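Novice: This is the structure I have questions about; it appears just below.
In UniProt numbering, the protein residues as written are 1 to 135.
See below:
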């Protein structure tokens, strides 16, 4: 399958398909958490920028850079979800990987990652040293 990303990504669809399903689902969860935090920051920046005298160039630059990062991370999730589909994992509207639901048996119904022994709450919390998937 040929996928042309809009943003520069640290991996290709082919490389993502080679990853184990638990690695893919954990990365999707991490990215969703990151996007949520970026969106929270965007709300704060937008309030500051719309106030009288709030046209700080650094704040404006951060707001624009965050938009790019959010778009890139959303695209990365799309690539990872496509990799799951290629592996035969069915993604449907009845569950979300970010809430600890089941994805092809890799995340148990109790909400813990079966291969790591960590709860999904632990997975979704960013580690200081966790920078994502490196290939």
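The beta carbon of each residue, even a glycine, is placed where N, CA and C say it ideally should be.
Because the structure is a prediction, the values reported are computed rather than measured.
Three or more C-beta pairs under 8 Å: does that hold for the region 22-32 against the region 61-77?
Specialist: Touching, yes, given that three or more Cβ pairs across the two stretches are closer than 8 Å.
Novice: How should residue 16 be labelled, buried or exposed, when 16 other C-beta atoms within 10 angstroms of its C-beta is the threshold for buried?
Specialist: By the 10 Å Cβ count, residue 16 comes out buried.
Novice: Buried or exposed for residue 18, going by 16 or more other Cβ atoms inside 10 Å?
Specialist: With fewer than 16 other Cβ atoms within 10 Å, it is exposed.
Novice: Roughly how many angstroms separate the alpha carbons of residue 3 and residue 39, rounded to a whole number?
Specialist: For residue 3 and residue 39, the distance between alpha carbons rounds to 26 Å.
Novice: Can you tell me whether DSSP reads residue 62 as helix, strand or coil?
Specialist: Reduced to three states, the DSSP call for residue 62 is helix.
Novice: Excluding the five sequence neighbours on either side, which residues of its own chain have a C-beta within less than 7 Å of the C-beta of residue 48, listed in chain order?
Specialist: Closer than 7 Å at Cβ, skipping near neighbours: 54, 59.
Novice: By Cβ distance below 8 Å, which residues in the same chain neighbour residue 66 in space, the five residues on each side in sequence not counted?
Specialist: Around residue 66: 38, 41, 42, 45.
Novice: Beta carbon of residue 83, beta carbon of residue 13: below 8 Å?
Specialist: Contact flag set, yes.
Novice: Tell me whether the beta-carbon of residue 87 lies closer than 8 Å to the beta-carbon of residue 21.
Specialist: In this structure, residue 21 lies closer than 8 Å to residue 87 by Cβ.
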